[in-house]
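Everything below concerns the one structure shown next.
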Amino acid sequence: MAVIETSNLTYTYPFAEKPAFKDVNLKIERGEFVLLTGPSGCGKTTLCRCFNGLIPHFYGGNLEGEIVVAGLKPTEHPIYEMARHVGLVFQNPENQLFALTVEKDVAFGLENIGLPRDEIRRRVDWALKVTGIYDLKDRAPFELSGGQQQRVAIASVLAMQPEIIVLDEPTSFLDPLSAKSILEIIHRLNRDLEITVILVEHRLDLAARYADRVIIMDRGQIILDGEPRRVFLDERARLIGVGIPKVVRLYLMLMGDGIDLGRVPLSPEEISESIVEVLTSDRS
Amino acid sequence: MWRCSRLIEVEDLHFTYPNGVEALKGISLSISDGEFVAIMGQNGAGKTTLVKHFNGLLKPTKGRVLIDGVDTRHVSVATLSRKVGLVFQNPDHQLFSETVEDEVSFALKNFGFDEGAINERVEKVLNLLDLIQYRKVSPFMLSGGERKRVALASVLAWDPKILILDEPTIGQDSYQKERLRQFIVQLNQQGKTVIIVTHDIEFVVECEPRIILMKDGKVIADGDAREVLTDLKLVSEASLILPEITQIFVRLNDFGFPRNVISVYEAKQLILERLFWRR
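The listed protein sequences correspond, in order, to chains A and B.
Our numbering runs 522 ahead of the 1-based position in the first sequence.
Our numbering runs 339 ahead of the 1-based position in the second sequence.
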């Protein structure tokens, strides 16, 4: 069942001359892990803002076409209602955090939807633990480092246990080990709780292995949409300037020299297995 | 390669924030004129705190920092800024003007450039960073990646001797990253001292600068990219991960490949050589 469906969705910001994206037709199934990427300014962040109704309720502008998210039309339901179904983690955590302590920030959404105290306590603790910031719960978000703040932002959204989580470059402020652990958390939430994940990322080297599907946008349109292994091989992905993972680049370079490693690799583990296979079969 | 003039000299630098957090615990290092350095390490390691000492935004609690021989405690940020340009991690901490053009010319006006020079520099730097089409647009209408480029443009405009970029690749797509890389390398080749603070290990391996690894307010390693970034123990301690290509070669080590490979071109070469040698 589709949790997000758009048809001919076109959006223009107030006072903008051109639409930010045009005629987007998209169908995302429940439980999918979608990696959304494309050059900066391609419209991917704008598209995400439609999923929880920030567009048009907050940004105004002109939204045309159809959009249905979790069975609701974001155009007809207020943001606070959409927020129970769609959690949005922003690119810049500072735009999201405001409370005096981390714990209060994470509890805020839950208090707003009127959950019982025990349930709030339980969910806040859970969200703080899975994101690895339980020890920071009494600290003020604004005095944390960028990476720690991003974890708080993710925890606040996780606590709501939404059906869909949209993350707009959630790891950009994180060091690689923390980024990896956040992506693994998101992957687990997707796999175990069947939360639909839409991840906007430029760091495909870390994220590609978790995705069921990669969507590449350019200049307000969807250019490629499919399985990661297939999308990365498409010449257009490279031409648009998407950061093809280095393992895929190495695979393609070897292919150019007549060495076929078989399956397109999505991680160093996969490509080294293929290389070992070629080396050992060559010996025999 | 080694240049004698020490442009930045850090001597036993300690810094404690007013809230009591001890962010730097005895840092000593020197950076020569024309060097290209990447400061890496985990969130909260003190990287940003360290570079904020280079333009005098922060003053040492103990120890001292000399910029071109001058103790930062004795000069204002305004004076130091002329020499040391710092581009913040978050462009929203830096941008405030109504148009991109105003933003980029602001510092130039303050430094007393005449109107003709200002126009020339603004145009040059906006072209260089692919921003010329946004000249009359509010920086706040731009995407995160574009705003970062505006912040960089506004610093580059006054051509500081030392350019410090705090997490320059955040929010940049691969095309812009590649441009940024070429751009930084070019500036460095022209003699500018460039310091980047970054987590972006894949970006760094393509530039191969000197690496300073930090952890908990201390420097834990200082050396060549190839040497430092392929050392699993150091890299994990700094909350980084091995470069993608190194991760492949660590796994191929049993087959007699070297482990310290960081470049995709070298990787291809090594694999091809091995296969043709077998045949």
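For every residue, glycine included, the Cβ atom is placed at its ideal position computed from N, Cα and C.
Item: is_contact[B/Lys607, chain A] using C-beta, thresh 8 Å; Value: yes
Item: Nearest neighbour of B/Ala496, chosen from B/Gly556, B/Glu442, B/Thr508 [CA to CA]; Value: B/Glu442
Item: Contact set between A/Leu696 and chain E, taken where Cβ atoms lie within less than 8 Å; Value: Checking the listed chains, one finds no chain E in this structure; the protein chains it contains are A and B.
Item: Proximal residues of chain B, C-beta to C-beta of A/Arg771 below 7 Å; Value: Val603
Item: Cβ pair count under 8 Å reaching 3, the segment 544-558 of chain B against the segment 751-765 of chain A; Value: no
Item: Backbone secondary structure at B/Thr438 - three-state DSSP; Value: coil
Item: Members of the segment 705-739 of chain A near chain B, C-beta cut-off 7 Å; Value: His724, Asp727
Item: C-beta atoms of A/Gln743 and A/Phe620 nearer than 8 Å; Value: no
Item: C-beta neighbour in chain A for B/Ile471, strict 8 Å; Value: no
Item: Reference A/Asn547; option with closest CA among A/Ala524, A/Gln618, A/Ser529; Value: A/Ser529
Item: Residue-level contact to chain A via CB, B/Arg613, 8 Å cutoff; Value: yes
Item: Euclidean distance between Cα positions of A/Glu706 and B/Phe615; Value: 39 Å
Item: Terminal residues of the beta strand (DSSP E) in which B/Gly424 lies; Value: 423-426
Item: Within the segment 563-630 of chain A, ranges of the alpha helix (DSSP H) (whole runs, at least 4 residues); Value: 566-573, 576-579, 601-604
Item: Cβ neighbours of A/Glu554 in the same chain (closer than 7 Å, five flanking residues each side left out); Value: Thr718, Asp734, Arg735
Item: Identity of the residue in B/Ala446, B/Lys401, B/Phe354 nearest B/Val416 by Cα; Value: B/Ala446
Item: Cβ-Cβ distance between B/Leu573 and B/Ala564 below 8 Å; Value: no
Item: Straight-line Cα distance separating B/Ile540 from B/Ser578; Value: 11 Å
Item: Members of the segment 747-770 of chain A near chain B, C-beta cut-off 9 Å; Value: Ile762, Gly763, Val764, Gly765, Ile766, Pro767, Lys768, Val769
Item: Beta-carbon contacts of B/Pro430 that lie in its chain and below 8 Å, excluding the five residues immediately before and after; Value: Pro478, Gly483, Arg486, Lys487, Val489, Ala490
Item: Bounding residues of the beta strand (DSSP E) (the contiguous stretch that carries B/His353); Value: 345-355
Item: Within-8 Å CB hit, A/Ser806 to chain B; Value: Reliability fails at A/Ser806, whose pLDDT of 47 lies under 50, so the model's placement of it is uncertain and the value that follows must be treated cautiously. Not one chain B Cβ lies under 8 Å of A/Ser806.
Item: Beta-carbon spacing of A/Val652, A/Phe573 below 8 Å; Value: no
Item: Rounded separation between B/Arg342 and B/Gly373 - CA only; Value: Since pLDDT at B/Arg342 reaches only 45, below the 50 mark, its modelled position is unreliable, and no value is offered.
Item: Minimum Cβ-Cβ distance from A/Glu539 to chain B less than 8 Å; Value: no
Item: CB contact check: B/Gly395 to chain A, cutoff 8 Å; Value: no
Item: B/Arg590 in three-state terms, based on DSSP; Value: helix
Item: Chain B contacts made by the segment 584-603 of chain A, where a contact means CB separation under 9 Å; Value: none
Item: Inter-residue spacing [alpha-carbon to alpha-carbon] between A/Leu788 and A/Pro541; Value: 34 Å
Item: Entirely enclosed beta strand (DSSP E) segments - the segment 556-602 of chain B, minimum 3 residues; Value: 557-563
Item: Three-way DSSP call (helix, strand, coil) for A/Asn530 in this model; Value: strand
Item: Contact set between B/Leu591 and chain A, taken where Cβ atoms lie within less than 9 Å; Value: Ser794, Ile797, Val798, Leu801
Item: Three-state class that DSSP yields for B/Ala606 in the structure shown; Value: helix
Item: Rounded distance between the beta-carbons of B/Ile550 and B/Gly562, thought under 8 Å; Value: 6 Å
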